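With the first letter of the sequence shown counted as 1, position 84 gets the number 84 in UniProt numbering; the numbers rise by one all the way through. Glycine included, every Cβ here is placed at the ideal spot set by N, Cα and C. All values reported here derive from a predicted model rather than from experimental measurement.
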Amino acid sequence: STSSNLTVTVAPDTAGRYFCRATVPGFPDIGAEATVYMKGPPTIISHRTQFGIPGDNVRLECSAFSIPTPQKVVWSFKGEDVGSGQDYSVLEDSLTDGIKSTLIIRESRLEHFGVYNCTVSNPYGNDVVEITLKAQKSFPLILILTGVLGGVVVIVVITMVVILCQRLCCHLGVSS
1 STSSNLTVTV
11 APDTAGRYFC
21 RATVPGFPDI
31 GAEATVYMKG
41 PPTIISHRTQ
51 FGIPGDNVRL
61 ECSAFSIPTP
71 QKVVWSFKGE
81 DVGSGQDYSV
91 LEDSLTDGIK
101 STLIIRESRL
111 EHFGVYNCTV
121 SNPYGNDVVE
131 ITLKAQKSFP
141 LILILTGVLG
151 GVVVIVVITM
161 VVILCQRLCC
171 HLGVSS
């Protein structure tokens with residue numbers, strides 16, 4: 001549009017990012033960006049399957065797009081609300097267009113693994129998702145160290161063989 005004003009009726013198909021560029025001959029172009037948000041219930045956008053290692057501190061993330069900002073985030077496991085307590089703590093980070101809630105499970109045990117519910121609410125409604133926490137096996141440190149040490153030994157042996165071959169070739173070339 002060449003008009004200096006743009007009027008938009010807010011609807012799902014008009015929400016989004018708009019760019020404005022002004023061009024005047026003899027001057028550099030200038031531009032600006034505006035984002036039109038539509039108020040509505042939250043939409044959770046997190047991965048539905050997340051992983052953790054038993055014995056470690058495990059983090060489950062529940063991120064939601066929400067205009068306006070959510071009033072609350074509730075985590076539950078096996079029908080019971082979980083929050084800050086002996087085994088759990090919750091961190092919440094406000095985002096420009098929503099929230100990220102992180103459930104931290106301290107020193108996780110096998111009984112902590114399973115299906116968690118994350119519920120995000122604002123004045124327009126709520127969204128609920130099931131996030132499955134699966135146990136991931138840790139790669140034993142001894143195997144990692146053995147692999148690294150084995151690699152170093154192979155490199156040293158190859159280097160020694162190359163050096164010995166060079167010396168042998170040079171020695172044979174000098175004697176003939």
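By the beta-carbon neighbour count (other beta carbons within 10 angstroms, threshold 16), F113 is buried. Between V73 and I104, the gap from beta carbon to beta carbon reaches 8 Å or more. The continuous stretches of beta strand (DSSP E) do not include G26, and DSSP gives it neither H nor E. Within the UniProt domain "Ig-like" (41-134), the complete beta strand (DSSP E) segments at least 3 residues long are 49-52, 58-65, 72-77, 80-82, 88-95, 98-105, 114-122, listed from N- to C-terminus.
Ranked by how close their Cα comes to the Cα of I53, the residues E80, K134, S89, P12 have K134 in first place.
For the 8 Å CB-CB criterion, P70 and V148 do not form a contact. Taking a contact to require three or more Cβ pairs closer than 8 Å, the stretch 46-63 and the stretch 17-33 do not qualify as touching.
In chain order, V8, V10, T14, A15, G16, Y18 place their CB closer than 7 Å to the CB of V36, counting only its own chain and leaving out the 5 sequence neighbours on each side.
Straight-line spacing of the CA atoms in D127 and S4 works out to 39 Å.
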